[in-house]
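Worksheet: one structure, shown below.
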Amino acid sequence: MSEFLQHLINMLVLGGTYALLGIGLTLIFGIMNVVNFTHGVLYTFGAYIMFIVVHQLGVNFFLALPLAVLAGWLLGATIELTLLRPLRGSDIDTTMLVMIGAWIAMQSGTLWIWGGVAKSVTTPFPEAPLVLGPVSVSWLRLFVLAAAGMLIVVTYLLINRTKLGCAMRATFQDQDTASLMGVNVDLIYTSTFAIGSSLAAAAGALLGPVYVIFPQMGDLAAVKAFAIVILGGLGNITGAVIGGFLLALAEELGAGYVSSGYRDAMGFLIIIAVLIFKPTGLFARSERVG
Amino acid sequence: MKLGAAILTIIALASVPLWLRDPYLMNALITTGIFIIGAMSLNLLLGFTGQLSLGHIAFFGIGAYVSALTSLGFDIGLPGGFRIVHDPWPPIAGFLLAIIVAGLCGYLVGLLSFRVRGAYFVIVTISFAEVVRLVALNWIELTQGPLALTNIPSITIGLPELGSLTLRTKLQNYYLVLAVAVAAYVLISRLVHSHFGRAMRGLMENETLAVSVGIDVTKTLTLAAVISAGIAGAAGSLYAHYIRIIDPEVFAFINTVTMVIMVITGGKGSLFGPVIGGMIFGLLPVFLRPIMAPEAQWIAYGGVLIVILFVLPRGIVPSLAQRFAKRWNRSPAAGPVTFSERDAKEPA
Chain A
187 MSEFLQHLIN MLVLGGTYAL LGIGLTLIFG IMNVVNFTHG VLYTFGAYIM
237 FIVVHQLGVN FFLALPLAVL AGWLLGATIE LTLLRPLRGS DIDTTMLVMI
287 GAWIAMQSGT LWIWGGVAKS VTTPFPEAPL VLGPVSVSWL RLFVLAAAGM
337 LIVVTYLLIN RTKLGCAMRA TFQDQDTASL MGVNVDLIYT STFAIGSSLA
387 AAAGALLGPV YVIFPQMGDL AAVKAFAIVI LGGLGNITGA VIGGFLLALA
437 EELGAGYVSS GYRDAMGFLI IIAVLIFKPT GLFARSERVG
Chain B
17 MKLGAAILTI IALASVPLWL RDPYLMNALI TTGIFIIGAM SLNLLLGFTG
67 QLSLGHIAFF GIGAYVSALT SLGFDIGLPG GFRIVHDPWP PIAGFLLAII
117 VAGLCGYLVG LLSFRVRGAY FVIVTISFAE VVRLVALNWI ELTQGPLALT
167 NIPSITIGLP ELGSLTLRTK LQNYYLVLAV AVAAYVLISR LVHSHFGRAM
217 RGLMENETLA VSVGIDVTKT LTLAAVISAG IAGAAGSLYA HYIRIIDPEV
267 FAFINTVTMV IMVITGGKGS LFGPVIGGMI FGLLPVFLRP IMAPEAQWIA
317 YGGVLIVILF VLPRGIVPSL AQRFAKRWNR SPAAGPVTFS ERDAKEPA
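Protein chains in written order, with my numbering: chain A, 187 to 476; chain B, 17 to 364.
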């Protein structure tokens, strides 16, 4: 029983960051209809920003997170402006292949700059974990959970309570009508991609210090993000949050009770099962942003 | 005219080992040839049915593992106390089994994944390849996991009156790969010019319209997937028996991407496109090696893929064919490239 509780605690920490990844991708996929293969690279990028800021610039650990979010935002906006805007109106396959090209170039760039040796980030948290009866959790993981929770709430408010969010939801529903109502669709696309990318970078910056940082860390993260989006339904933020926690639960239980070698297979199996049996996602009443 | 060009190309390719003595370049040519076969099979799906399968390496890898395991033998325990013991068979049987098993997998995957289209199809195919990779990595009793299957025997062919010949040298493997590549090319070419090929292209251009004139979507797409997977399995088998060691890295997503880049650069939906694209991207590392670090090469590949999609979205072969056709003021269909005028973006 205590083992099960421990799995639940781990699931909460993991699920929070997965939800961030999923929200970022579901916004981009839902609003822009772009299969974003650079999402994983943005995740890696966020983790490396954390490493650079803490270790090479010597800045405080807590200040590094907002910087990683900002860097992700800037890189996302750059990708959108240089690669996606000129391709507006081309078919989805072309866009997808361009994003694959960008992903390969950026990942190899990471490998070239920082090398293949895994890096770890030292954190200001005590080594000893917090023990709560039968379960224990490290302070770092608690911080990750809290920060992820905060970012999820901020994003939710941004989409549901602000004018920008309203314009994003309108663009998702009907791009042409939104544009007739005075929504600057180009600006919405750039903002969506930048916000989605900054969330991926935040997830990387949060999970990077928990594990280790290496150039290919984003590959699995990207596929997991796709699994979450498919599970939660396109453009559905609440669905992405639930999907993130469900995927984390499946991974924890799969690793704990089946075989740890197949931990990463859970996301793929979920994708295949959902798309075959319920292609609209588990929570799709009607597909919408919000 | 067309037949003449084809025979000249084959003669030119067959004469390469006569003047090329460098074993490193021969090795590059053989692996390039194997990947070109894979790219041709991918082109059957991507270029002629319009389905972007990003899990194609799974069939290549399955072919490699099936062929290797058939010729090495294995002894595995199953739940319930059963054991499967397989004694080594000749590699040529492995080659045939690789085609059959990969084709069967293509059938199953096709049946399941053609329920969805577009982005979802892409994601399902990626997931399938990753699941297969994880099985190859974790089913250690069968596949040796990361320790890799080693000492895979070379292919032996029985020749009448000459006895059997084991293809060990690079020269012999070069001709083997060339023969399989020509066979695959002829098969795909016959296929796309048949009634079935027109059904595939009809589906790609307008699925609703194709259905309305009586084309069975699932049957057509699944058959294309089976043949495509079978050819990829044959390429995987050649790879296993030439390299003689395989590990789960063969399933890496980057290998699928390599094939996709070959097809896109050469020109999807063009029969000769994957050959040209494959030559470029298979041999480019050989020439770039002295001047660029491998990471920088990959950055360049990503960049090239993006540039090609922006500048020559239809690929090299169709664009060139169109240019020549304009110069000679002929229909491009009469040139060596077929369907070069077809482009999804142009109104039908």
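Backbone N, C-alpha and C define an ideal beta-carbon position, used for all residues, glycine too. Bear in mind that the values here come from a model prediction, so they are computed numbers and not experimental data.
- From the DSSP output, in three-state form, read off D372 (chain A) for me. If you number the first sequence from 1, residue 372 (chain A) lands on position 186. It is helical.
- Message: Check for me: the alpha helix (DSSP H) holding L337 (chain A) runs from which residue to which?
- Response: As a position in the first sequence, residue 337 (chain A) is number 151, starting the count at 1. L337 (chain A) -> alpha helix (DSSP H) spans W325 to R347.
- Delimiting residues of the beta strand (DSSP E) encompassing L316 (chain A): Here residue 316 (chain A) is taken as the residue at index 130 of the first sequence, counted from 1. Start and end: L316 to L318.
- Taking the CB atoms as reference points, tell me whether A44 (chain B) and P310 (chain B) lie closer together than 9 Å. For the purposes of this step, residue 44 (chain B) is taken as residue 28 along the second sequence, with counting starting at 1. For the purposes of this step, residue 310 (chain B) is taken as residue 294 along the second sequence, with counting starting at 1. No, these two residues do not count as a Cβ contact at 9 Å.
- Task: For D279 (chain A), go through chain B and note every residue whose CB falls closer than 7 Å to its CB, in chain order.
- Result: If you number the first sequence from 1, residue 279 (chain A) lands on position 93. Within chain B, the residues near D279 (chain A) are L68.
- Task: Would you mind telling me which residues of chain A sit closer than 9 Å to R131 (chain B), beta carbon to beta carbon, in chain order?
- Result: Counting from one through the second sequence, the residue named residue 131 (chain B) turns up at place 115. Going along chain A in sequence order, the residues near R131 (chain B) (Cβ under 9 Å) are L461, I462 and P465.
- Message: Please return the same chain residues whose Cβ sits closer than 8 Å to the Cβ of I27 (chain B), not counting the five positions on each side in sequence.
- Response: For the purposes of this step, residue 27 (chain B) is identified with residue 11 of the second sequence, where counting begins at 1. Counting only residues of its own chain and dropping the five nearest sequence neighbours on each side, I27 (chain B) has no CB closer than 8 Å to any other CB.
- Taking 9 Å as the CB-CB limit, is G232 (chain A) close to chain B? The residue given as residue 232 (chain A) occupies position 46 in the first sequence. No, G232 (chain A) lies away from the interface with chain B (no Cβ there is under 9 Å from its Cβ).
- What whole-angstrom Cβ distance do A197 (chain B) and G49 (chain B) have, given they're in contact under 8 Å? Within the second sequence, residue 197 (chain B) is the residue found at index 181, counting from 1. Within the second sequence, residue 49 (chain B) is the residue found at index 33, counting from 1. Taking the Cβ atoms as the reference, A197 (chain B) lies roughly 6 Å from G49 (chain B), within the contact range of under 8 Å.
- Message: Tell me which residue opens and which closes the alpha helix (DSSP H) that L225 (chain B) is part of.
- Response: If you number the second sequence from 1, residue 225 (chain B) lands on position 209. E223 to S228 is the span of the alpha helix (DSSP H), which, as asked, contains L225 (chain B).
- Nearest candidate by alpha-carbon position, reference G419 (chain A), set A:F231, A:I214, A:L194 and A:M187: Position 233 of the first sequence, counting from 1, holds the residue named residue 419 (chain A). Of the candidates A:F231, A:I214, A:L194 and A:M187, the one whose C-alpha sits nearest the C-alpha of G419 (chain A) is A:I214.
- Item | Beta-carbon gap between I53 (chain B) and A268 (chain B) smaller than 9 Å | For the purposes of this step, residue 53 (chain B) is identified with residue 37 of the second sequence, where counting begins at 1. For the purposes of this step, residue 268 (chain B) is identified with residue 252 of the second sequence, where counting begins at 1. No, Cβ-Cβ distance for I53 (chain B) and A268 (chain B) is not below 9 Å.
- Query: Taking three-plus beta-carbon pairs below 8 Å as touching, is the stretch 200-216 of chain A in contact with the stretch 420-433 of chain A?
  - Reply: These segments touch.
- H102 (chain B) (DSSP reduced to helix, strand or coil): The count along the second sequence starts at 1 and reaches residue 102 (chain B) at position 86. Strand at H102 (chain B).
- Item | Amino acids of chain A, ordered along the chain, whose beta-carbon sits closer than 8 Å to that of F144 (chain B) | Position 128 of the second sequence, counted from the first residue, corresponds to residue 144 (chain B). Residues of chain A passing the Cβ test: F454 and I458.
- Task: Can you give me the Cβ contacts of S299 (chain B) inside the same chain, cut-off strictly under 8 Å, excluding the 5 residues immediately before and after it?
- Result: On the second sequence, residue 299 (chain B) is found 283 positions in, with the first residue counted as 1. One detail in the question is off: residue 299 (chain B) reads as Leu in this sequence, not Ser. Taken in chain order, the residues that qualify are A44, L45 and T48.
- Query: With distances taken between CB atoms, is the gap from G335 (chain A) to L343 (chain A) smaller than 9 Å?
  - Reply: On the first sequence, position 149 is the one that residue 335 (chain A) refers to. On the first sequence, position 157 is the one that residue 343 (chain A) refers to. Cβ atoms of G335 (chain A) and L343 (chain A): not closer than 9 Å.
- Spatially closest choice to A388 (chain A) from A:A254, A:N246 and A:I456, by CA coordinates: The residue given as residue 388 (chain A) occupies position 202 in the first sequence. Per the Cα distances, A:A254.
- In chain A, which residues lie less than 9 Å from N433 (chain B) when you measure between Cβ atoms? This structure gives no information on residue 433 (chain B), because the portion of chain B shown stretches from 17 to 364.
- Examine chain A for any beta-carbon lying closer than 9 Å to the beta-carbon of E265 (chain B), and answer yes or no. Here residue 265 (chain B) refers to the residue found at position 249 when the second sequence is read from its first residue. No, its Cβ sits nowhere closer than 9 Å to a Cβ of chain A.
- Task: State the Cα-Cα distance for the pair T166 (chain B) and I116 (chain B), rounded to the nearest angstrom.
- Result: The residue given as residue 166 (chain B) occupies position 150 in the second sequence. The residue given as residue 116 (chain B) occupies position 100 in the second sequence. Using only the alpha carbons, I get a separation of about 23 Å.
- Message: At the level of alpha carbons, what is the spacing between L183 (chain B) and A304 (chain A)?
- Response: What you label residue 183 (chain B) is simply residue 167 of the second sequence in a count that begins at 1. What you label residue 304 (chain A) is simply residue 118 of the first sequence in a count that begins at 1. The straight-line gap from Cα to Cα measures roughly 42 Å.
- Item | CB contact check: L153 (chain B) to chain A, cutoff 9 Å | The sequence position of residue 153 (chain B) within the second sequence is 137, counting from 1. Yes - at least one Cβ of chain A is within 9 Å of the one on L153 (chain B).
- Interfacial residues, the stretch 379-395 of chain A to chain B, with Cβ spacing under 8 Å: none
- Assigned secondary structure, I173 (chain B) (DSSP; H/G/I helix, E/B strand, else coil): Taking the first residue of the second sequence as position 1, residue 173 (chain B) is located at position 157. Here I173 (chain B) sits in strand by DSSP.
- Through-space distance from L187 (chain B) to L34 (chain B), alpha-carbon basis: Translated into positions along the second sequence, residue 34 (chain B) becomes position 18. Translated into positions along the second sequence, residue 187 (chain B) becomes position 171. Spanning the two alpha carbons is a distance of roughly 9 Å.
- Task: Can you tell me which of the three DSSP states S188 (chain A) falls into?
- Result: To locate residue 188 (chain A), count along the first sequence from 1; it is residue 2. In the structure shown, S188 (chain A) sits in a helix (DSSP, three-state: H, G or I).
- Task: Report buried or exposed for I458 (chain A), applying the criterion of at least 16 other Cβ atoms within 10 angstroms of its Cβ.
- Result: Taking the first sequence and counting its residues from 1, one reaches residue 458 (chain A) at position 272. With 16 or more other Cβ atoms from the protein chains shown falling within 10 Å of its own Cβ, I458 (chain A) counts as buried.
- Answer yes or no: does any C-beta atom of chain B fall closer than 9 Å to that of L439 (chain A)? Along the first sequence, read from residue 1 onward, the residue named residue 439 (chain A) stands at position 253. Closer than 9 Å: no.
- Item | Cβ contact check for the stretch 458-467 of chain A and the stretch 131-144 of chain B: 3 or more pairs under 8 Å | yes
- Proximity test, Cβ basis, 9 Å: N422 (chain A) and chain B: Within the first sequence, the letter at position 236 stands for residue 422 (chain A). Taking Cβ atoms only, chain B never reaches closer than 9 Å to N422 (chain A), which makes this a no.
- Task: Determine the direct distance from the alpha carbon of M295 (chain B) to that of A195 (chain B), and round the result to whole angstroms.
- Result: Residue mapping note: residue 195 (chain B) aligns to position 179 of the second sequence, counting from 1. Residue mapping note: residue 295 (chain B) aligns to position 279 of the second sequence, counting from 1. When rounded, the distance between both Cα atoms is 16 Å.
- Using a C-beta cutoff of 9 Å, does F412 (chain A) count as contacting chain B? Here the question's residue 412 (chain A) lines up with position 226 in the first sequence. Taking Cβ atoms only, chain B reaches closer than 9 Å to F412 (chain A), which makes this a yes.
- Task: Taking only beta-carbon positions, decide if G293 (chain B) is within less than 9 Å of chain A.
- Result: Start at 1 with the first residue of the second sequence, and residue 293 (chain B) comes out as number 277. No, G293 (chain B) lies away from the interface with chain A (no Cβ there is under 9 Å from its Cβ).
- Query: Closer than 7 Å, Cβ to any Cβ of chain A: which residues of the stretch 68-89 of chain B, in chain order?
  - Reply: L68
- Where the beta strand (DSSP E) containing I92 (chain B) begins and where it ends: Along the second sequence, read from residue 1 onward, the residue named residue 92 (chain B) stands at position 76. Looking at the DSSP string, the run of the beta strand (DSSP E) that includes I92 (chain B) is F90 to G93.
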